[in-house]
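For the sequence shown, position 192 (counting from the first letter as 1) is numbered 907 according to this note's numbering, and the numbering increases by one without interruption. Below is one structure, written out as C-alpha cells, with a few remarks after it.
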Amino acid sequence: MTLQDSPFLRACRRLPVDRTPVWYMRQAGRSLPEYRRVRADVPMLEACARPDMIVEITMQPVRRHGVDAAIYFSDIVVPLKAIGLDLDIKSGVGPVVADPIRDADGIKRLRELSPDDVPFVTEAVGTLVGELGTTPLIGFAGAPFTLASYLIEGGPSKNHERTKALMYGEPELWNDLMRRLSEITLEFLKVQIAAGAGAVQLFDSWVGALSAEDYRTSVLPHTSWIFERLGELDVPRIHFGVGTGELLSLLSEAGADVVGVDWRVPLDKAAQRVQPATALQGNLDPAALFAPWEVVAERAGDVLSRGRAAEGHIFNLGHGVLPDTDPDMLTRLTEFVHEESQT
C-alpha cells in the first residue's frame, strides 16, 4: 500500500475504502502514560520546539492504538511564539498572552512567519514522514478567529467579550488582524506540507461562540482565503470547530474537503448541512469513553451507521481525548471501528 492508498487519505477524498479510518484529536497527549513520562518537567512550548520530542509524542498513539493517521504534535500558539510574541501556556489555564493585542499598534507586532522561524517543524515532520511510512501525517494549525480571541482576551475566555467588541465595533481593525493571522497560519501549514505532511487540519476551537451571520461576515472570508491557497498544494484540508452545529454549512463553504463534527450533531444530520462533495469527520462524545465498553461499542456503532450518510467518513471523537481517558479503551475502540466497518 502506498501513502495515497491509505484509508485516511482515500476517505478525505471521498473515495471507496475497505474500512473506516480512525484517528483521535489529542490522541498524542495527557491520556498516555508514555506522554506524561516524556513531558515530565518540560514546558509545553519547549516540547513543541524540540524535534526529538515532537517525533516521539506524535508516534506514541500510532504505536499504541494502531490509528490510521498521526497528528503533528504542536499547539495553536506555536507560530505566534515563533514570531516573537510574549506568551506562555500555563498549566490548568491554557495560552496566556503577556501584552494583549487590542489596537493598531498591537497588530503591527504580528510580523510574517518565515520557515526560518520554525526549523524544528521542518526537521520533525521530515523525520516523522520517514518513520510513519504509509501512515499519513496530519499538519496542525489554529484558525485565525481562535488565535485572535487568545490575543485579544489575553487568554481563554468564556464569553469572548473583548473579541466581539473589536469585531463589531472596529471591523477594519478586525479584518487587518484576521488577515495577518491568516497569513501566519497559512505559512505554518505550508511549512508542514513542504516537509511531507499528507493532510492538514485547521482547528477553530472557539468559533462556535459566533452566530452564523457573524461568521459569514467576519470570519468566512479569512478561512476561505487560507483553504483556497492550500488547495493549490493538493493535500486534503480538514476544518474543525466546537459547538458549530449552526455553522456546519459555512464551515464547508469555507473550502475544506472534510468538516469535523462535534458530538452535538448526529453525522446523518451533519451530512445534510454541509456542502456537496464534503467528507465528515467524527464524532463520538469523548466522555462516552468513561462508560462501560458495551455502551462505547453501541455508541461507536451508531456513529459508524450515521456516518454512511456522508460522502466520506473518518471516525474520530467529537472533540479531544480527555486527560483521564483509559488508553486501552481507545485501542479497543480503534479495533472495533476497523472490524465493524470492514468491507
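The C-beta atom is built at its ideal place from N, Cα and C for all residues, glycine as well. Being a predicted model, the structure only gives us computed values, none of them experimental.
Neighbour-count burial assignment, residue i, 16 or more Cβ in a 10 Å radius
i     : result
Q1057 : exposed
D1043 : exposed
W799  : Note on residue identity: the sequence assigns Gly, not Trp, to residue 799. The residue is exposed, with fewer than 16 neighbouring Cβ atoms inside 10 Å.
N874  : exposed
R1023 : exposed
M716  : exposed
D783  : buried
D919  : buried
V1018 : buried
A813  : exposed
A880  : exposed
S721  : buried
R751  : exposed
P758  : exposed
E1054 : exposed
S807  : Before going further, note that residue 807 is Gly rather than Ser in the sequence given. Exposed, because fewer than 16 other Cβ atoms sit within 10 Å of the Cβ of G807.
P776  : buried
Cα-Cα separation, residue i to residue j
i     : j     : result
E898  : V1052 : 37 angstroms
E771  : L862  : 26 angstroms
G845  : D949  : 20 angstroms
D820  : L965  : 32 angstroms
M893  : Y865  : 13 angstroms
W978  : W1008 : 18 angstroms
L809  : A1003 : As written in the sequence, residue 809 is Gly, which differs from the Leu given in the question. Going by the C-alpha atoms only, they are around 24 angstroms apart.
E887  : P731  : 45 angstroms
R778  : A912  : 18 angstroms
V915  : S872  : 26 angstroms
A1012 : M774  : 26 angstroms
D832  : A797  : 6 angstroms
G841  : V922  : 31 angstroms
A1006 : L1032 : 15 angstroms
A743  : G884  : 39 angstroms
L1041 : S746  : For the record, residue 1041 in the displayed sequence is Asp; it is not Leu. Rounded to whole angstroms, D1041 to S746 spans 7 angstroms at the Cα level.
Y739  : Q987  : 24 angstroms
A909  : V1010 : 42 angstroms
L925  : P748  : 36 angstroms
E947  : E827  : 20 angstroms
L718  : D818  : 46 angstroms
F903  : T938  : 14 angstroms
R741  : E928  : 30 angstroms
I786  : A839  : 12 angstroms
I816  : C727  : 36 angstroms
Close Cβ partners of residue i (< 6 angstroms) along its chain, the five nearest in sequence each way excluded
i     : result
R877  : I867, E868
L825  : R895
S789  : C763, F855
F1030 : T735, V737, V1052
H780  : L1045, T1046, T1049
F723  : P736, D783, A784, P851
L945  : R952
W889  : L881, M882
V1103 : The chain is shown from 716 up to 1058; residue 1103 falls before or after that span and cannot be answered.
Close beta carbons around residue i, own chain, < 7 angstroms, minus the five adjacent residues each side
i     : result
D891  : I822
P981  : R1021
G848  : none
E1026 : R729, A992, T993, A994
A1015 : L999, L1048, F1051, V1052
R931  : L965
V753  : M768, E771, I772
P830  : T837, V906
V957  : S920, G923, D977, H1034
Contacts around residue i, its chain only, beta-carbon distance under 8 angstroms, and the 5 residues preceding and following it disregarded
i    : result
F942 : L917, R952, H954, A969, G970, A971
V974 : I953, H954, F955, L963, L966, S967, A985, V989, T993, A994, L995, Q996
V811 : L802, D803, I804, K805, G869, G870
D733 : P722, Q1057, T1058
T900 : P794, A856, G857, A858, P859, L862, L917, I941
Test: residue i CB closer than 8 angstroms to a CB of chain B
i    : result
T878 : Absent from the structure is chain B; it holds one protein chain and no more.
- request: Mind the definition here: the segment 998–1016 touches the segment 953–961 only if three or more C-beta pairs lie below 8 angstroms; say whether that holds.
  value: no
query: If we count Cβ pairs, one from each stretch, closer than 8 angstroms, do we get three or more for the segment 1032–1048 versus the segment 761–769?
result: no
- prompt: Hey, which unbroken runs of the alpha helix (DSSP H) at 4 residues or more fall wholly within the segment 888–958?
  reply: 927–933, 935–945
message: Which runs of the beta strand (DSSP E) at least 3 residues long sit entirely within the segment 964–989? Give them in chain order.
response: 973–975
task: Would you list, in sequence order, the uninterrupted alpha helix (DSSP H) runs of no fewer than 4 residues that lie entirely inside the segment 749–813?
output: 759–762, 766–780, 793–797
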